[in-house]
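Residue numbers (the UniProt record's numbering): 1 to 109.
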């Protein structure tokens, strides 16, 4: 399964490689959890334009990608299990923030 778009190593997350976040979410079993979080964020934001809704979801994807890249950089490598753990922790943290009524803040590493 190809998880990035530039190298043979699907877990390579060098600074110039764009992660295929959809493939990572599918491989880790976290796609539905990410979509559910996105839906919860949209509901919490209230009525948004199509453009604003898309920006919110794409922003979440960028935040998660940055988080995964930062975690990999700290550890030096990343297995599917690592990606699953890091993704689940990121989603759970944002769900908790939403349940407390505070909007999730961007995680840039």
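Glycine is no exception: its CB is placed at the ideal position from the N, C-alpha and C atoms. As the structure is a computational prediction, the values presented were derived from the model and not from experiment.
Between the CA atoms of residue j and residue i - distance to the nearest angstrom
i           : j          : result
residue 91  : residue 33 : 7 Å
residue 62  : residue 83 : 15 Å
residue 39  : residue 72 : 27 Å
residue 20  : residue 48 : 27 Å
residue 110 : residue 50 : The chain is shown only over 1 to 109; residue 110 falls outside these bounds and no answer can be derived.
residue 75  : residue 60 : 23 Å
Neighbourhood of residue i by C-beta, 6 Å cutoff - its chain only, sequence neighbours within 5 removed
i           : result
residue 101 : none
Which listed residue (the options) has its alpha carbon closest to that of residue i
i          : options        : result
residue 98 : 24, 36, 85     : 36
residue 26 : 80, 89, 93     : 80
residue 93 : 56, 43, 78, 67 : 67
residue 95 : 44, 52, 75     : 44
Test item: CB-CB of residue i and residue j under 8 Å
i          : j          : result
residue 28 : residue 64 : no
residue 42 : residue 31 : no
Proximal residues to residue i (C-beta, below 7 Å), its chain only, five neighbours per side dropped
i          : result
residue 53 : 42
residue 46 : none
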